[in-house]
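K.L.:
Sharing a structure with you now.
In my numbering, the protein residues as written are 10 to 282.
As structure tokens, this is what we get:
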């Protein structure tokens with residue numbers, strides 16, 4: 010009579026692994042939702058009990074009603090901000106990756122360029138807005154440039170750090186097989202930059218929408234920044250909160266998309282997150 014095969018001690022059955030994974034995912038989703046629900050409940054109760062005026066701090070229920078009322082007006086603003094943020098994020102990511110290649114490929118070039126790039130980050134991007142408007146006008150281009158200037162530096166720093174952290178033995182192995190310096194760069198250093206560049210892109214994704222909104226504050230005809238500015242001038246605090254919530258949601262969407270791209274592009278690192 011055959012005996013049931015028991016799993017080895019210390020080895021968890023696949024069913025338990027899947028169950029634990031589902032619990033972790035549920036915890037990651039439920040914990041933030043419950044926290045937000047608790048904060049909104051406290052906010053609503055405090056506004057009602059303290060009789061806070063709406064022009065000072067509206068209740069969450071009032072913000073929700075206002076969101077429904079102004080929803081038909083928000084479509085064009087959301088599209089404008091999304092376009093600026095997406096284009097600036099893509100442009101900044103490409104610029105950061107290309108510049109990281111230039112900095113890493115040649116030590117002389119890196120020593121000459123990298124400190125200057127770091128120095129430029131001491132100048133707030135907002136200060137450059139008047140120049141961008143003067144040179145590129147009031148259209149889409151200056152806002153995309155401002156977003157890309159905000160985005161490219163995290164990508165650059167992360168990619169350069171990943172390339173420079175490559176184990177020298179890997180390059181020596183390629184050289185020992187007859188590979189040139191170009192082969193070493195293409196086969197070792199450039200692939201090593203992918204996780205770092207994507208990590209920087211995740212950070213940059215949280216800045217993209219905010220940078221687009223700030224650019225719209227300064228010179229915009231449409232976008233969530235314009236919507237918030239007009240609401241401020243009208244003392245419509247509930248509409249300002251609607252804009253803030255939308256900006257936060259769009260930023261979260263960008264971060265989630267980049268995180269999904271990271272999982273697809275670096276499947277070997279899924280277990281490390």
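In this text, a Cβ means the ideal position worked out from N, Cα and C, and glycines have one as well.
Could you tell me if residue 78 is buried or exposed, where buried requires 16 or more neighbouring beta carbons within 10 angstroms of its beta carbon?
P.N.:
By the 10 Å Cβ count, residue 78 comes out exposed.
K.L.:
Can we say the stretch 108 to 120 touches the stretch 241 to 260, given the rule of at least three CB pairs closer than 8 Å?
P.N.:
Contact between the stretch 108 to 120 and the stretch 241 to 260 is absent, because fewer than three Cβ pairs lie under 8 Å.
K.L.:
Taking all protein chains shown into account, decide if residue 242 is buried (16 or more other Cβ within 10 angstroms of its Cβ) or exposed.
P.N.:
It is exposed - the Cβ of residue 242 has fewer than 16 other Cβ atoms within 10 Å.
K.L.:
Please report the distance separating the alpha-carbon of residue 137 from that of residue 143.
P.N.:
Near 10 Å, if we compare the C-alpha coordinates of residue 143 and residue 137.
K.L.:
In or out: residue 232 buried (at least 16 other Cβ within 10 Å) or exposed?
P.N.:
Per the 10 Å Cβ criterion, buried.
K.L.:
By Cβ distance below 8 Å, which residues in the same chain neighbour residue 274 in space, the five residues on each side in sequence not counted?
P.N.:
For residue 274, where only same-chain residues beyond five positions count, the Cβ hits under 8 Å are 203 and 207.
K.L.:
Can you tell me which of the three DSSP states residue 120 falls into?
P.N.:
In the structure shown, residue 120 sits in a helix (DSSP, three-state: H, G or I).
K.L.:
Helix, strand or coil for residue 65 per DSSP?
P.N.:
Reduced to three states, the DSSP call for residue 65 is coil.
K.L.:
Let's see if you can read the secondary structure: which residues bound the alpha helix (DSSP H) around residue 216?
P.N.:
Unbroken alpha helix (DSSP H) run through residue 216: 199 to 228.
K.L.:
Could you check the C-alpha separation between residue 50 and residue 39 for me, to the nearest Å?
P.N.:
Cα to Cα, residue 50 sits roughly 16 Å from residue 39.
K.L.:
Whole angstroms is fine: what's the gap from residue 223's alpha carbon to residue 153's?
P.N.:
So the alpha carbons of these two residues sit roughly 11 Å apart.
K.L.:
Taking DSSP as the reference, what is the three-state secondary structure of residue 147?
P.N.:
Residue 147: coil per DSSP, three-state reduction.
K.L.:
Return the chain-ordered list of same chain residues with a C-beta closer than 8 Å to the C-beta of residue 249, the five sequence neighbours on each side being excluded.
P.N.:
These residues qualify, in order along the chain: 237, 240 and 241.
K.L.:
On the criterion of 16 or more Cβ atoms from any shown chain inside 10 Å, does residue 211 qualify as buried, or is it exposed?
P.N.:
So residue 211 ends up on the buried side.
K.L.:
Can residue 67 and residue 246 be called in contact, C-beta distance under 7 Å?
P.N.:
Contact: yes.
K.L.:
By DSSP, does residue 133 sit in helix, in strand, or in coil?
P.N.:
The answer is coil: DSSP assigns residue 133 none of H, G, I, E or B.
K.L.:
Let's see if you can read the secondary structure: which residues bound the alpha helix (DSSP H) around residue 263?
P.N.:
That run of the alpha helix (DSSP H) goes 246 to 274.
K.L.:
With respect to the alpha helix (DSSP H) encompassing residue 234, which residues constitute its N-terminal and C-terminal limits?
P.N.:
233 to 242 is the span of the alpha helix (DSSP H), which, as asked, contains residue 234.
K.L.:
Would you kindly work out how many angstroms separate the C-alpha atoms of residue 20 and residue 276, rounded to a whole number?
P.N.:
Reliability fails at residue 20, whose pLDDT of 49 lies under 50, so the model's placement of it is uncertain and the value that follows must be treated cautiously. C-alpha separation (whole angstroms): 23 Å.
K.L.:
Work out the CA separation of residue 267 and residue 47 for me, nearest whole Å.
P.N.:
Rounded to the nearest angstrom, the two C-alpha atoms are 29 Å apart.
K.L.:
Assuming residue 213 and residue 166 form a contact by the criterion Cβ under 8 Å, report the distance between their Cβ atoms to the nearest whole angstrom.
P.N.:
Incorrect: roughly 10 Å between the Cβ atoms, too far for contact.
K.L.:
Between residue 91 and the rest of its own chain, which residues show a CB-CB distance below 7 Å, the 5 nearest in sequence each way excluded?
P.N.:
Counting only Cβ-Cβ distances below 7 Å, and skipping sequence neighbours, we find 259.
K.L.:
Can you give the beta carbon distance from residue 76 to residue 251, rounded, assuming they're within the 8 Å contact cut?
P.N.:
The Cβ separation is near 5 Å, so the contact holds.
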